[in-house]
Amino acid sequence: MSLIQETDYGTPKSKSQVMVSLEIDGQTVTVPEGTSVMRAAMELGTKIPKLCATDMLDSFGSCRLCLVEIEGRKGTPASCTTPVAPGMKVKTQTDRLANLRKGVMELYISDHPLDCLTCAANGDCELQDMAGAVGLRDVRYGYEGDNHVAPKRDGELNFRWQPKDESNPYFTFDPAKCIVCSRCVRACEEVQGTFALTIDGRGFASHVSAGMDEDFFDSECVSCGACVQACPTATLTEKSIIAKGQPEHSVVTTCAYCGVGCSFKAEMKGDEVVRMVPYKDGGANEGHSCVKGRFAWGYASHKDRQMNPMIREKITDPWKVVSWDEAINYTAKRFGEIQAKYGRTSIGGITSSRCTNEEVFVVQKMIRAAFHNNNVDTCARVCHSPTGYGLSRTFGTSAGTQDFKSVANTDVILLIGANPTDGHPVFASRMKKRIREGAKLIVADPRRIDMVRSAHIEASHHLQLLPGTNVAVVNAISHVIMTEGLENRAFINERCEPKDFALWEAFIRDVKNSPEALESVTSVPAAEIRKAARLFAKGGNAAIYYGLGVTEHSQGTTMVMAMANLAMATGNIGRDGVGVNPLRGQNNVQGSCDMGSFPHEFPGYRHVSDDSVRNLFETKWGASLDKEPGLRIPNMFAAAVDGTFKGIYVQGEDIAQSDPNTHHVNEALTSMECVVVQDLFLNETAAFAHVFLPGTSFLEKDGTFTNAERRINRVRPVMAPKQGMHEWEIACRIASAMGYEMSYTHPREIMDEIASTTPTFANVSFAKLDEKGSVQWPCNDKAPEGTPIMHMNGFVRGKGRFMITEFVPTPERANRSFPLILTTGRILSQYNVGAQTRRTQNSTWHQEDVLEIHPSDAEVRGIQDGTMVSLASRMGGTSLRAHVTERMPPGVVYTTFHHPVTGANVITTDNSDWATNCPEYKVTAVQVSLSNQPSDWQTEWEGREKDNKKVAAQPLVAAE
Amino acid sequence: MITIYVPKDSAAVSVGADSVASAIAAEAVKRGQSVNIIRNGSRGMFFMEPLVEVATDKGRMAFGSVTASDVPSLFDAKFGAHSKALGLTEEIPYLKNQERLIFARAGLNDPVAVEAYQASGGYKGLAKALGMTGAAIAAEVTESGLRGRGGAGFPTGIKWKTVHDAVAEQKYICCNADEGDSGTFADRLIMESDPLTLIEGMTIAAICVGATEGYVYIRSEYPDAISIMKQAIANAEAAGFLGGNICGSGKAFSLKVRVGAGAYICGEETAMLESIEGKRGMVRPKPPIPALEGLFGMPTVINNVLSLASVPAILAEGAAFYKNYGMGRSRGTQAFQLAGNIKQGGLVEKAFGITLRQLIEDFGGGTFTGKPLRAVQVGGPLGSYLPASKLDLPMDYETFAANAAMVGHGGIVVFDTSVDMAKQARFAMEFCAAESCGKCTPCRIGSTRGVEVIDKIIAGEAREQNLVLLEDLCQTMTDGSLCAMGGLTPMPVLSAVRDFPEDFDRPARAQAAE
């Protein structure tokens, strides 16, 4: 194992199909048209000196080190900005060039500190490398001249010198070391799309400026790390590198935050992570990252992390630390007793979208084969279950249709109920790049999210709908398309079921679905809907991207189908640049669904009542399997309250914080006799648990995650499990202790079992993933290399099926007592329930959840920015600080759910999607009023924090 | 009723033309005399501004360097015999001996009056162009031999043909009027004295290449040029010479003024494009050339004011007529601008081939101080300093290049024997340091180091080694810089070192004298 050094070709790859041959230093090379001379040389292994060029960024031509001589051309053109031409003859090394390069380096070093030996970039500095490459031996200008290096000059303060900016928690900016190559500025613009950085001043006064010459923390910087990665010197350096020094080996693995699934190089010293660097060959992120994946991995070694299994008799007892054997046997014993007393179906489990496919697979296998029932569900229930159901009914597959790259060929983006700059930042960067290139954007969201208007992007239409009216808006769009003759008849006739289409056509053309008829429901002006519909239908490749703002509604499934209808009606399915694309919340939510985490489905979305499938698994597993679907999460809670469901195994999910109607969840948990929590931390659910099994962080896991584009990525361990056991092994041992022998020697064997039982995974193996980097399912004999884009030549289900999508409003209505609608979401720096990010310095950006409220709603209640308010619904109340902002439309308030003390889910209701029970987090009628004290719920929570999470003092072990 | 012309361009106004004009108006009222004051533009003879002209049967009679206090006596003399009288304007040798194609109409009329412009031969070129194909117009311009007057001397017709042949939804014409070179004022003069010529030239360019939008990028230091151009554009549009249907041809071209924000570098064509796009003025690498990927990434003609203003005459009179002027590969006329230490500063439009001496001595009348001439800087702050021994060089792109100098934009700045050429060399580096966009290393750091090295040389510090270092630095800047800013700064520096070595040896001499 060594440090992975990715080749930097200097300029981006050309997409041209036309090949051009040229000669570089006498060697012939053939490259695509549009390739730079620099890149062509690198293809031959010829490194032309460079500083401002890097293949993540467009060429810039400022450092002037990469000058070459080209036969028949005057002067010394820069190889980074000169495209290849047929028959071109290039010389990369001549005396003239050597002198020029030395001259340029001499200038650079005349304004650069000479502290290489003590510099954090020592050993990883391109400036140092170039000084070596050109053979610089002397700086004849001396170091006494004008400079940015020394705080004082000639005894006076040097006005050019600026102190180091350490405001960002993760990296420092030292202007004294800056060579003004603009790589950071360009990375911020081209890669991230935030435009937080610029070059201020001209000539020698040019310097990198964050915002308006502010410090990084106060600027618009989103701390994605692209600038740090781009910096060729120590100017922008990770604080971890400053503290620990350069890494010595690296391991390519996959981020465990959102559903984008970015590939990273974990750069290590021994078994300690020094930094995480996005991997250019990562299919999902292609070398980009966000503040979470890049920097927020410190939680893995946070002091709160539990390293020992613990058990207790009652949830009011303090936790008792025990051995793995004792914890496993205790779990098996209690589950066994419950089943004996209350029946086979009185226990179940929840799989985690945070865990690997292999870990999820063994847990559902444990439940089906060792618990002998199908009481398995997953946290996807509460996020994207309508996606799976809606898309499988219409297209035939429970997944998004495209790869992320597809957005680069999109002309019109319809973004609904998703806030990618916060929730899926690395994908948002791709989207923003495409919009800057000219693609049009339609945003349907109650909030004025950043995508509506930010640096160099602006939505053509912001359909600021009332929460809960998604279906009405999309029906209205389809109505306009169908009544104005904007549909793609050829596609519909060829690719879709005619009978279903005819029914849908009659339905959608009905005047009740017109934007004018629905204007009073959605509050979106009919004219805007009409314009947006025309743009979507006629603007070229149109793609729909959506998030939990679509699914977490009582009509979540209807809405997914409505979007599928829209895509089919306009022929925007089955090629690059189009599609219906869920932005998945968690790193492995796609995978956990694929792995058979639903009570009615085996791995690969096959119904448990299907005898042939069940026989396959029964044979493979050597166990008889239940043919009745089991309980969904809400059913488990209801059954628990009813007294028929008594034991639960919760793998890496904090249901007490993340599931709606906390009071109800807590009641269910308290009603159970054995709650087993497997997690990194003593989370909210652990307060109600009897067994705590410490989990592993992604840095210790060995397996695979499947991201929102169905991409199966390898998760490679960079250290041994800190708590002593792999999570897949824990489940195996519990199953074995319960009498069903389950064992694997390596997670690759689990993947082999998945592949052998699941047709869409047939050709997937760790060996294949190691060879190819990643594959997108389906990956089988029909698609041996995987499937980036689905439904290319026909839908998976045969013909696309239009579904009737009647708009049925949620029963949750605003009234005089609860006049506002609360909707929920996330912010960039925090992730989900915050278990991880709250235990990193990401909290510097967001220390508490706040309630966003429109100025007019605030004013009538006497609320000012920063005032404590109480937020109450029919279900419960909490209190938090208000943020008065015009991001919100009047009548709608918004908060995040990253902090348990906020208890946002104390407020949310029991309403859920009609088809999948996905909770309606996004619509709750509330009242907001001034408050000066914590809510009752918060007082109760604080008590539980103190009482239910106590760990007993460990008995002293006599020294041997 | 008498018609009196008082220029309103900024040169004339700077020496009191406005007060002269109001004095005339007031005096006429006082005397109950009816006068028609026309605020024309300057004829370019700045040394005799304010140049007041009176229309007579014989022609326009000129009165030079008129002040407000001269006005009563001018009325007394009935604008006849007077100490300030210069006779017929057209007979003034400074003007008469010029060959004015671009500036033929400068100072004749109210600069924004479209009818007067037409009456004096304006819009003939456009009329011709409207009857030609784009390719034919480009061919005509190529045939004329017109080369870019901004300084680079690239054949204008070939540039137009490149844009004409490019296939794109949108094309642009951009006029570079960011006239920042020291000692130059020809662009301002045309914009203030005869802006419609420039507008006509741009319209012809647009018709040629198929562009429908154009921008004139004017430096912010030219507020009068900006307002006059804006008014002229509005008038041309009202008269149907700009807009959606030019002269009923069905062709469209709209023109906008963009005001620079005070950076010399924005006169570099690609930095100008960035600036027009609303970005920081930074130089773009070429390729791609702006003719293919210019403004907003679209094919764009970028020409200097004088190149575009040369075009109406070429179209009106034909390529052969234009080509007849000049020498070698430098065809047509150039607007030479006499400035610095010179007696008769102003604009001299002459065919290429005229010598520096003819310009400075015959037109300029020698140095202003009367001391001997020591150096001439031609072509702006990035041009070489020529010693007195080179005054007989003919003005010609190739001859100048062969002498390590450049014609540039035609600016000629004269210095007498009081000049310290080491300080001038230092100034060249200092100017570059102040105006560098900061993108490329040789220019960004090199110019600052250049000042320091020259300071060391002037101070006599390790002079020999520092002179070698200066040569090396100049080589790095010349070959390594991204654009002409850093690439040409060594020209004045090296010319000063080469031709005036004694000025770099002063402290040593001073020490020796002690």
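As given, the protein sequences belong to chains A and B, one line each in that order. Residue 963 is where the first sequence ends in my numbering, and the numbering goes up by one at each step. Residue 496 is where the second sequence ends in my numbering, and the numbering goes up by one at each step. Glycine is no exception: its CB is placed at the ideal position from the N, C-alpha and C atoms.
Those residues which DSSP pairs with residue i across a bridge
i                : result
Ser477 (chain B) : Bridge partners of Ser477 (chain B): none, in fact.
Cys293 (chain A) : None; Cys293 (chain A) has no bridge partner.
Gly393 (chain B) : B:Gln319
Phe605 (chain A) : A:Arg609
Ile824 (chain A) : A:Val895 and A:Ala928
Ser236 (chain B) : B:Glu195
Gln30 (chain A)  : A:Ile27
Cβ-based neighbour list, residue i, same chain, cut-off 8 Å, excluding 5 preceding and 5 following
i                : result
Glu948 (chain A) : Ala690
Ile460 (chain A) : Gly196, Lys435, Ile438, Arg439, Leu444 and Met454
Assigned secondary structure, residue i (DSSP; H/G/I helix, E/B strand, else coil)
i                : result
Cys156 (chain B) : strand
Thr49 (chain B)  : coil
His465 (chain A) : strand
His305 (chain A) : coil
Tyr743 (chain A) : coil
Gln839 (chain A) : coil
His886 (chain A) : strand
Met271 (chain A) : strand
Gly398 (chain B) : Residue identity check: residue 398 (chain B) is Asp in the sequence provided, not Gly. Strand, per DSSP.
Asp860 (chain A) : helix
Gln660 (chain A) : helix
Ser915 (chain A) : strand
Gln593 (chain A) : helix
Glu815 (chain A) : coil
Distance cut-off 6 Å: residue i Cβ against heavy atoms of the ligand HEM
i                 : result
Val(-3) (chain B) : No copy of the ligand HEM occurs in the structure displayed, which carries no ligand at all.
Cβ-Cβ separation, residue j to residue i (assumed contact under 8 Å), whole Å
i                : j                : result
Asn818 (chain A) : Ser777 (chain A) : The pair is not a contact, with the Cβ atoms about 50 Å apart (cut-off 8 Å).
Gly394 (chain B) : Leu341 (chain B) : Here residue 394 (chain B) is Ile; the residue named in the question, Gly, does not match the sequence. 6 Å between Cβ atoms; contact.
Gln779 (chain A) : Gly599 (chain A) : Incorrect: roughly 19 Å between the Cβ atoms, too far for contact.
Ile3 (chain A)   : Ile651 (chain A) : Here chain A comprises residues numbered 4 to 963, so residue 3 (chain A) is not present and cannot be evaluated.
Beta-carbon contacts of residue i that lie in its chain and below 7 Å, excluding the five residues immediately before and after
i                : result
Ala529 (chain A) : Pro518, Glu519 and Glu522
Gly285 (chain A) : Cys265 and Ser266
Thr471 (chain B) : Leu364, Ala410, Met411, Cys414, Ser429 and Met459
Cys358 (chain A) : Asn591, Gln654, Gly655 and Glu730
Asp52 (chain B)  : Lys66
Neighbourhood of residue i by C-beta distance below 6 Å, restricted to the same chain and skipping five residues each side
i                  : result
Asn332 (chain A)   : Ala740
Phe298 (chain A)   : Tyr173
Ile636 (chain A)   : Asp380 and Arg384
Leu451 (chain B)   : Val435
Lys(-10) (chain B) : Arg21
Quiz item: Using Cβ-Cβ distances below 8 Å, what residues of the stretch 418 to 431 of chain B are close to chain A?
Solution: Only Ser418, Cys419, Gly420, Lys421, Cys422, Thr423, Pro424, Cys425, Arg426, Ile427, Gly428, Ser429, Thr430 and Arg431 from the stretch 418 to 431 of chain B bring a Cβ to less than 8 Å from some Cβ of chain A.
Practice problem: For the stretch 81 to 95 of chain B, enumerate the residues whose C-beta is nearer than 7 Å to any C-beta of chain A, in chain order. | Solution: Per Cβ criterion, the list is empty.
Quiz item: When you check each C-beta in the stretch 708 to 729 of chain A against every C-beta of chain B, which residues fall closer than 9 Å?
Solution: Residues passing the 9 Å Cβ filter: none.
Quiz prompt | chain A contacts from the stretch 434 to 460 of chain B (Cβ-Cβ distance under 8 Å) | solution = From the stretch 434 to 460 of chain B, only Glu434, Val435, Gln447, Leu451, Asp454, Leu455, Gln457 and Thr458 have a Cβ closer than 8 Å to chain A.
Exercise. Identify each residue in the stretch 64 to 79 of chain A for which the Cβ-Cβ distance to at least one residue of chain B is less than 9 Å, and report them in chain order.
Key: Taking 9 Å as the Cβ-Cβ cut-off, the stretch 64 to 79 of chain A approaches chain B at Gly64, Ser65, Cys66, Arg67, Leu68, Leu70, Gly78 and Thr79, given in chain order.
Quiz prompt | Residues within the stretch 245 to 259 of chain B neighbouring chain A, beta-carbon criterion of under 9 Å | solution = Listed in sequence order: Ala245 and Ile247.
Quiz item: Between the stretch 192 to 206 of chain A and chain B, which residues of the former have a C-beta closer than 8 Å to a C-beta of the latter?
Solution: So the close ones are Thr201, Ile202, Gly204, Arg205 and Gly206.
Exercise. Would you list, in chain order, the members of the stretch 138 to 162 of chain A that have their beta-carbon closer than 7 Å to a beta-carbon of chain B?
Key: When CB distances to chain B are screened at a threshold of 7 Å, the residues of the stretch 138 to 162 of chain A falling below it are Arg143, Tyr144, Gly148 and Asp149, in chain order.
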